[in-house]
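Undergrad: Sequential numbering of the sequence shown, starting at 4, is according to this note's numbering. Dumping the structure here so I can ask a few things about it.
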Amino acid sequence: MSFSVDENGYYGRFGGAYVPEILQKNFESLRVQYLDIMNDPEFQREFHSLLRDYVGRPSPLYLAKRLSEAVGAKVYLKREDLNHTGAHKINNTVGQILMAKRMGKTRILAETGAGQHGVATATVCALMNMECIVYMGETDVKRQYLNVQKMRMLGATVVPVTSGNKTLKDATNEAFRDWCNHPTDTFYIIGSVVGAHPYPDMVAKFQSVISEEIKKQLMEHEGRDYPDYLFACVGGGSNAAGTFYHYLDDDRVKLVEAEAAGLGVDSGESAATIHLGSEGVLHGSRTLLMQTEDGQVIEPYSLSAGLDYPGIGPIHAHLAKTGRAEVLAITDDEAVKAAFELTQLEGIIPALESSHALAALHKVKFKPTDIVVLTVSGRGDKDMPTYLEYFDKK
4 MSFSVDENGY YGRFGGAYVP EILQKNFESL RVQYLDIMND PEFQREFHSL LRDYVGRPSP
64 LYLAKRLSEA VGAKVYLKRE DLNHTGAHKI NNTVGQILMA KRMGKTRILA ETGAGQHGVA
124 TATVCALMNM ECIVYMGETD VKRQYLNVQK MRMLGATVVP VTSGNKTLKD ATNEAFRDWC
184 NHPTDTFYII GSVVGAHPYP DMVAKFQSVI SEEIKKQLME HEGRDYPDYL FACVGGGSNA
244 AGTFYHYLDD DRVKLVEAEA AGLGVDSGES AATIHLGSEG VLHGSRTLLM QTEDGQVIEP
304 YSLSAGLDYP GIGPIHAHLA KTGRAEVLAI TDDEAVKAAF ELTQLEGIIP ALESSHALAA
364 LHKVKFKPTD IVVLTVSGRG DKDMPTYLEY FDKK
């Protein structure tokens, strides 16, 4: 069974390109060019030069000894939180801004939930001197105030979105509307492995630097290039796609995804898309999404702005439905508890998104000899108000 995308943009039965007619030319142009551009040696040289000298890669693979004792296995943390801008998002935005430049685009759009993708996009737009418009749900603008100010300082225009429940789904809708109105000069930097083909594959390829580094670093640490388990959180799923990429066909490695259960999978206040979702089309691809019987999107809920999305990248729908990945639903309470645990055991304050993956460690029964790699997708600076408010309530 293949876990890679096919020539039509599908992972099994998930994926494809369901796009409005006005944008078909844009998607087709990108589909025809993206692999040639990415495989061009000069593009790769510029991309990897920026990853090294600007982003600060490779990110460390850190053996968390006290956390390892707590969960009963050997746990390594892939430290994407130490990248420039504080998350994995910058890997993808560096790649896509270079793609946009190659295609002669001058205006950049992005959507953001937790703000990390918005900051990463605003950062590369400042670097490349391009206009940047970031759509962000009004709810997220309030709970991610610091990231909003960073984007503005970087020169981006942040547009608060007041439709729906004013979170990531609604920001994505508005970004697509904008692109429909500016199809010729604008490039949409999608922040995750979602959307119509070729975005899920392109973003996964840009993020695959994570698993490429894990292979080399594990060889140095352990004398073998694969772990027994890989853990990552999933909202749209880009850090997970990058973490899993070079291990998809290696059945020695168990893949574990942590999605946001909010107040509980069956509470009606959840973003556990894989647990609760059914097949449908969202933002251009066939995937699993939370929807009513007549196909209306159900508003998700999570304390984490970055996981507050009613769908999932098609690659993750495929991994879940084929049984290649185990998907665990983590509540707000469990995620915050895991954040405080890592902070107090290892002196690392993780992003709320990453905390869902950390909480999942306690739901798996390990052997003491198991080697586990967990991607800390971002750092917790942006979530301090949420953590402190939550902690005070308790």
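Just so you know, even glycine gets a beta-carbon here, dropped at the ideal spot from N, CA and C.
In or out: residue 392 buried (at least 16 other Cβ within 10 Å) or exposed?
TA: So residue 392 ends up on the exposed side.
Undergrad: Which residues in the same chain have their Cβ closer than 8 Å to the Cβ of residue 267, if we skip the five residues on either side of it in sequence?
TA: Here the set comprises 273 and 334.
Undergrad: Rounded to whole angstroms, what's the CA-CA distance from residue 369 to residue 75? Just pull it up for me.
TA: Approximately 6 Å, taken between the alpha carbons.
Undergrad: Which value, in whole angstroms, describes the spacing of the CA atoms of residue 232 and residue 395?
TA: One C-alpha to the other measures close to 34 Å.
Undergrad: Which same chain residues end up closer than 6 Å to residue 204 when comparing Cβ atoms and leaving out the 5 residues on each side of it in sequence?
TA: Correct list, in chain order: 8.
Undergrad: At what residues does the beta strand (DSSP E) containing residue 193 begin and finish?
TA: Here residue 193 belongs to no beta strand (DSSP E), and DSSP marks it neither H nor E.
Undergrad: Entirely within the segment 236-317 and at least 4 residues each: give me those alpha helix (DSSP H) ranges in chain order.
TA: You should have 241-247 and 276-279.
Undergrad: What does the Cβ neighbour count give for residue 374, buried or exposed, with the cut at 16 atoms within 10 Å?
TA: With 16 or more other Cβ atoms within 10 Å, it is buried.
Undergrad: Helix or strand or just coil, what does DSSP make of residue 44?
TA: Correct three-state label for residue 44: helix.
Undergrad: Which residue from 360, 342 and 376 puts its Cα closest to that of residue 384?
TA: Considering only alpha carbons, the answer is 342.
Undergrad: For residue 305, which residues of its own chain have a beta-carbon under 6 Å away from its beta-carbon, when the five flanking residues on both sides are left out?
TA: 263, 265, 274 and 311, listed in sequence order.
Undergrad: Could you tell me whether the Cβ atoms of residue 162 and residue 136 are closer together than 8 Å?
TA: A contact, by the Cβ cut-off of 8 Å.
Undergrad: Just to confirm before moving on: does the CB-CB distance between residue 3 and residue 101 stay below 8 Å?
TA: Because residue 3 is not part of the residues shown, which for the chain are 4 to 397, the question remains open.
Undergrad: Taking C-beta to C-beta, are residue 256 and residue 229 nearer than 8 Å?
TA: Yes, Cβ-Cβ distance for residue 256 and residue 229 is below 8 Å.
Undergrad: Rounding to the nearest angstrom, what Cα-Cα distance links residue 168 and residue 313 in this structure?
TA: When rounded, the distance between both Cα atoms is 11 Å.
Undergrad: In three-state DSSP terms, what is residue 159?
TA: It is coil, neither helix nor strand.
Undergrad: Any idea what DSSP makes of residue 136, helix, strand or coil?
TA: Residue 136: strand per DSSP, three-state reduction.
Undergrad: Residues in its own chain within less than 6 Å of residue 181 by CB, not counting five upstream and five downstream?
TA: The residues are 112.
Undergrad: Roughly how many angstroms lie between the CA atoms of residue 200 and residue 10, to the nearest whole one?
TA: Computed Cα separation, rounded: 10 Å.
Undergrad: Could you say which of 79, 94, 42 and 60 lies nearest to residue 372 if we only look at CA atoms?
TA: Minimum Cα distance to residue 372 is reached at 79.
Undergrad: Please work out which residues of its chain come closer than 6 Å, Cβ to Cβ, to residue 260, disregarding the five sequence neighbours upstream and downstream, and give them in chain order.
TA: Closer than 6 Å at Cβ, skipping near neighbours: 237, 243, 328 and 330.
Undergrad: In its own chain, which residues sit with a C-beta less than 6 Å from the C-beta of residue 332, not counting the 5 before and 5 after it?
TA: 262, 264, 268, 275 and 278.
Undergrad: Return the chain-ordered list of same chain residues with a C-beta closer than 6 Å to the C-beta of residue 103, the five sequence neighbours on each side being excluded.
TA: Taken in chain order, the residues that qualify are 190.
Undergrad: Of all the alpha helix (DSSP H) runs that stay within the bounds of the segment 87-117, which reach a length of 4 or more residues?
TA: DSSP runs (the alpha helix (DSSP H)) wholly in the segment 87-117: 92-105.
Undergrad: DSSP three-state call for residue 2: helix, strand or coil?
TA: Because residue 2 is not part of the residues shown, which for the chain are 4 to 397, the question remains open.
Undergrad: Excluding the five sequence neighbours on either side, which residues of its own chain have a C-beta within less than 7 Å of the C-beta of residue 70, listed in chain order?
TA: The answer, listed in chain order, is 78, 345, 348 and 349.
Undergrad: State the CB to CB distance for the pair residue 2 and residue 207, rounded to an integer number of angstroms; the pair is presumed to be in contact (CB under 8 Å).
TA: Examination of residue 2 is not possible in this model, given that the chain is present from 4 through 397 alone.
Undergrad: Can you tell which of 258, 164 and 319 has the C-alpha that lies nearest to the C-alpha of residue 241?
TA: Nearest option by C-alpha distance: 319.
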